[in-house]
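Right, one structure below, let's go through it.
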Amino acid sequence: MTSPLIHSWFDHATNTVTYLVADPATKRAAVVDPVFDYDHKSGKADVASVEAVLAKAAEQGFTIDWVLETHVHADHLSGAPYIKLKTGAKVVIGENIRLVQQIFRPIFNALDVSGS
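When we follow the working numbering, the leftmost residue of the sequence shown carries the number 31, and every step to the right adds one.
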């Protein structure tokens, strides 16, 4: 078994890290906690951070199969939907996200995404 290849990007605005983890033998990869750039002062969004991850994956010949969200991110917007759109990757998060959604759904009048 080969050791995984790991690339990381530190996002200064949110003090968070995004990871690209790949199996060098199969070239299959996962992205962990991708940041979608958002400037709250101007209201502008940007995909530069996720595009850097996608560029590195393409440069290395990796296929991104998964986007892993380790937790609900209150400190930044997730780049997971963008990566899914660009690559078809599956997005996963722990099942307790349902509890968080139950709390915030009525506050923000959000859609029920619990699957129940």
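Quick reminder that beta carbons are idealized off the backbone N, C-alpha and C, glycines included.
Work out the CA separation of residue j and residue i for me, nearest whole Å.
i, j, result
"A110", "V51", "15 Å"
"K74", "A85", "22 Å"
"E89", "E81", "12 Å"
Among residues of its own chain, excluding the 5 on either side of residue i, which ones have a beta-carbon nearer than 6 Å to its beta-carbon?
i, result
"K120", "W96"
"H37", "L50 and K86"
Note down, in chain order, each residue of its chain lying with its Cβ closer than 8 Å to the Cβ of residue i, except the 5 sequence neighbours on either side.
i, result
"A78", "D67"
With 16 as the cutoff for other CB atoms within 10 Å, does residue i come out buried or exposed?
i, result
"L115", "exposed"
"V47", "exposed"
"F92", "buried"
"A55", "exposed"
"A59", "buried"
Look at residue i and residue j and say whether their C-beta atoms are less than 8 Å apart.
i, j, result
"I123", "P64", "no"
"V61", "T100", "no"
Can you list, in chain order, the residues of its chain whose CB lies under 7 Å from that of residue i, leaving out five sequence neighbours each side?
i, result
"T117", "I94"
Unbroken stretches of the alpha helix (DSSP H), 4 residues or longer, contained in the region 42-67: none
Beta strand (DSSP E) runs contained entirely in the region 75-140, provided each spans 3 or more residues: 93-99 and 120-123
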